[in-house]
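Each residue of the sequence shown is one higher than the one before, counting from 0 in numbering that gives the first Met the number 0.
Using N, Cα and C, we set each Cβ at its ideal position, and we do this for glycine too.
Working notes, structure below.
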Amino acid sequence: MTDNNDVAGLQRRLVEFAAARDWQPYHTPKNLAAALSVEAAELLEIFQWLTPEQAERVMEDPEKAHRVADEVADVLAYLLQFCQVVGVDPLAALAAKIDRNELRFPARRRGGGADGVGGAEEAAGGAAEGVPSEDRHSSE
0 MTDNNDVAGL
10 QRRLVEFAAA
20 RDWQPYHTPK
30 NLAAALSVEA
40 AELLEIFQWL
50 TPEQAERVME
60 DPEKAHRVAD
70 EVADVLAYLL
80 QFCQVVGVDP
90 LAALAAKIDR
100 NELRFPARRR
110 GGGADGVGGA
120 EEAAGGAAEG
130 VPSEDRHSSE
């Protein structure tokens with residue numbers, strides 16, 4: 000085992016692993032995206048039907064913690080392989096996404112607006128049913 004635990008080193012190891020098994024023909028963007036989705040679902044399956052409190056304690060169980068770590072590794076492996084095949088630098092893509100999200104979703108002061116009641120979204124009209132549009136998930 001080598002000590003290449005940076006992104007490029009891990010991607011190289013994954014390419015070499017696939018090449019040694021003649022798997023490259025199957026590593027298409029579609030197949031890798033599908034595999035990534037399946038592995039993410041397997042990670043989710045560990046938490047399915049757990050209460051929030053139970054989910055918070057999953058890593059306290061050594062067997063479940065091992066399963067979580069394995070599924071995280073599978074998700075990351077397929078993501079890195081996907082990025083390598085389509086030519087996306089995952090760290091640059093993430094940094095750019097965080098930069099965009101910082102502009103789209105500015106940090107709010109605690110305690111609300113000038114009157115201490117509402118925040119900036121309330122002053123701007125907010126969104127339907129009092130849910131500010133800025134509270135959408137960062138991946139949107």
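Distance from the Cα of residue 63 is smallest, within the candidate group 77, 15, 47 and 78, for 47.
Distance from the CA atom of residue 79 to the CA atom of residue 96, rounded to whole angstroms, is 17 Å.
Here residue 59 is exposed. Its C-beta has fewer than 16 other C-beta atoms within 10 Å.
Annotation for residue 73: the continuous alpha helix (DSSP H) segment containing it runs 61-85.
Three or more Cβ pairs closer than 8 Å define a contact, and the region 38-46 falls short of that threshold against the region 5-14.
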